[in-house]
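> This is the structure I want to talk about, given as structure tokens.
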Amino acid sequence: MAALIVTHQRPDLDACTAVWLVRTFIEGFATADIVYVPAGGTYENKIADTDPRIIHVDTGLGKFDHHQLSERSSAAERIVAQVIKTQRLGENTIAALERLAEVVTAVDNFEEALLPQASDDF
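With UniProt numbering applied, the sequence shown covers 1 to 122.
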């Protein structure tokens with residue numbers, strides 16, 4: 001079986017960003033197929049993270065999902081944290097990834113609705 005990235009149907013910004021991060025930064029997944037499952041689901045109803053050729057993002061309650069957590073988080077943030085921890089990256093790349101994760105996490109947690117002005121930054 002080729003590498004697979006699994007995310008939920010009708011992907012939001014977090015799911016799309018998470019897929020891009022996996023394809024860009026996780027070895028062996030640059031050309032991985034993408035499979036869509038119902039929100040919360042897993043590929044073939046198997047437990048997430050049991051097959052190293054399959055990465056679930058923003059679904060499945062695995063290491064790159066955040067819906068089982070009580071703290072503010074996102075799938076993108078969890079992937080960025082692992083990438084920064086496990087890879088040698090330059091300062092600018094780390095800063096860009098952290099910023100990307102922050103914006104995606106804010107949007108995924110509906111924080112843009114709390115900004116006083118539409119043009120305000122997170």
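The beta carbon of each residue, even a glycine, is placed where N, CA and C say it ideally should be.
Quick check: Asp58 and Thr7, are their CB atoms within less than 8 Å of each other?
Position 58 of the sequence shown, counted from the first residue, corresponds to residue 58. Position 7 of the sequence shown, counted from the first residue, corresponds to residue 7. Contact: yes.
> In whole angstroms, give me the CA-to-CA distance for Ala96 and Tyr43.
Position 96 of the sequence shown, counted from the first residue, corresponds to residue 96. Position 43 of the sequence shown, counted from the first residue, corresponds to residue 43. Taking the straight line joining both Cα atoms gives about 31 Å.
> Run through the DSSP bridge pairs and tell me what Val35 is partnered with.
Counting from one through the sequence shown, the residue named residue 35 turns up at place 35. Its beta-bridge partners are Val6.
> Which residues bound the alpha helix (DSSP H) around Ile55?
For this step, residue 55 is matched to residue 55 along the sequence shown. It is not in any alpha helix (DSSP H) - Ile55 instead sits in the beta strand (DSSP E) that spans Ile54 to His56.
> Does the Cβ-Cβ distance between Val104 and Leu4 come in under 8 Å?
The residue labelled residue 104 in the question sits at position 104 within the sequence shown. The residue labelled residue 4 in the question sits at position 4 within the sequence shown. It is not a contact, given that the beta carbons lie outside the stated cut-off.
> CA-CA distance, residue 123 and Ala18?
Past the boundaries of the shown model lies residue 123; the chain is included only from 1 to 122, so the question cannot be answered.
> Taking C-beta to C-beta, are Ala76 and Asp65 nearer than 8 Å?
Along the sequence shown, one-based indexing puts residue 76 at 76. Along the sequence shown, one-based indexing puts residue 65 at 65. No, Cβ-Cβ distance for Ala76 and Asp65 is not below 8 Å.
> Hey, Ala39 and Gln9 are a contact pair by Cβ (cut 8 Å); roughly how many whole angstroms apart?
In the sequence shown, counting from the first residue as 1, residue 39 sits at position 39. In the sequence shown, counting from the first residue as 1, residue 9 sits at position 9. So it is a contact: roughly 7 Å between Cβ atoms.
> Out of curiosity, what's the CA-to-CA distance linking Gln87 and Thr24?
Position 87 of the sequence shown, counting from 1, holds the residue named residue 87. Position 24 of the sequence shown, counting from 1, holds the residue named residue 24. Cα to Cα, Gln87 sits roughly 12 Å from Thr24.
> Count the other C-beta atoms from every protein chain shown that fall within 10 angstroms of the C-beta of residue 133, then say buried if there are 16 or more, exposed otherwise.
Shown here, the chain extends from 1 to 122; a query on residue 133 therefore has no answer.
> My output table needs one value for Glu27: the three-state DSSP class, helix, strand or coil.
As a first step, residue 27 must be located in the sequence shown, where it is residue number 27. Glu27 falls in the coil class under three-state DSSP.
> Which same chain residues, not among the five before or five after Glu112, have their C-beta less than 8 Å away from its C-beta?
Looking up residue 112 in the sequence shown gives position 112. Cβ neighbours of Glu112 beyond the five flanking positions: Ala106 and Phe122.
> Between Ala2 and Asp33, which are expected to be in contact by the criterion C-beta below 8 Å, what is the C-beta distance as a whole number of angstroms?
In the sequence shown, residue 2 corresponds to position 2, counting from 1. In the sequence shown, residue 33 corresponds to position 33, counting from 1. Contact holds; Cβ gap of about 6 Å.
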